[in-house]
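Engineer:
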């Protein structure tokens, strides 16, 4: 589905993304990651074939939540949850992480810090459903 | 397991908790909730038998992630993930939510705002494993 402008703005402001994947036994696996946009797909990079990558290759069902810096009239933290289907593409991780590091850490930083990082993996997520607290619409 | 003092402090500072439960089809369900401590169990309240409550009654496997306000030396957001087993206890939600509202919204606020709220449900989570980025130890 199309990602609303309000959600695109939250992503592009460098908001930490809480990503859930599913372990082999069906239990949830959570990490906080950097995300970016590739059209209407959400993308995130991994230098290694970590647990997230293994999990998504087995079962592409994922969810991502992000806190908004704004609170609603009642004082509750606003947040958005993106439910989607993910797939892994080989390569491209250092380039994506370098781009995201300027948003999530600071402009001008070198990331990954190592020389000759591995090509790694990029996860692409197609968003199927959006929930949360807030007005996550165009 | 025993919850380290560093994690207890993060919880008690009123940090939004990203909670994952499992839907009937095994897909992840995420919301952001208020949490508190009851000894070494994590507790959260629900006025209604919402999707979280239904999911936990079917499958108690949950995970919670919280961002720390601190960043590590590299500039990465620190966070903790608590993996655990949850069960639902009937009643007690308004009292718990009232207590947490003073931490998560502001001292002195009335919450729930309605008169005569339903007794609701309290989720108790036993923590089995702690991961994340940061020093989540005593």
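Chains as they are written, first to last, in our numbering: chain A, 1 to 138; chain B, 139 to 276.
Glycine is no exception: its CB is placed at the ideal position from the N, C-alpha and C atoms.
(1) According to DSSP, simplified to helix, strand and coil, what is residue 115 of chain A?
(2) Mind pulling the chain A residues with CB within less than 9 Å of residue 252 of chain B?
(3) Answer yes if the segment 189-198 of chain B comes into contact with the segment 9-21 of chain A, meaning at least three C-beta pairs across the two stretches below 8 Å, and no otherwise.
(4) So which residues of chain A does residue 156 of chain B contact, with C-beta pairs closer than 7 Å?
(5) Any idea if residue 184 of chain B is buried or exposed, counting beta-carbon neighbours within 10 angstroms, 16 or more meaning buried?
(6) Where does residue 69 of chain A land, buried or exposed, given buried means 16+ other C-beta within 10 angstroms?
(7) What residues match up with residue 287 of chain B in a beta bridge as DSSP calls it?
(8) Across the segment 118-133 of chain A and the segment 79-93 of chain A, are there enough close Cβ pairs to call them in contact, namely three or more that are closer than 8 Å?
(9) Hey, quick one: how far does the alpha helix (DSSP H) through residue 52 of chain A stretch, first residue to last?
(10) In the DSSP assignment, find the unbroken alpha helix (DSSP H) run with residue 145 of chain B in it and report its ends.
(11) Counting along the chain, where does the beta strand (DSSP E) carrying residue 22 of chain A start and finish?
Structural biologist: So, from the data block:
(1) If DSSP states are grouped into helix, strand and coil, residue 115 of chain A belongs with coil.
(2) Those within 9 Å of residue 252 of chain B in chain A number zero; the least Cβ separation is about 12 Å.
(3) Contact fails between the segment 9-21 of chain A and the segment 189-198 of chain B, because fewer than three Cβ pairs, one in each stretch, are under 8 Å apart.
(4) Think of a sphere of 7 Å around the beta carbon of residue 156 of chain B: the chain A residues whose beta carbon falls inside it are 18, 65, in chain order.
(5) Buried: at least 16 other Cβ atoms inside 10 Å.
(6) Here residue 69 of chain A is exposed, its C-beta having fewer than 16 other C-beta atoms within 10 Å.
(7) Residue 287 of chain B is absent from the model: chain B starts at 139 and stops at 276.
(8) Touching, yes.
(9) Where residue 52 of chain A is concerned, the enclosing alpha helix (DSSP H) stretches over 51-58.
(10) First-last of the alpha helix (DSSP H) with residue 145 of chain B: 143-150.
(11) Counting along the chain, the beta strand (DSSP E) containing residue 22 of chain A begins and ends at 17-22.
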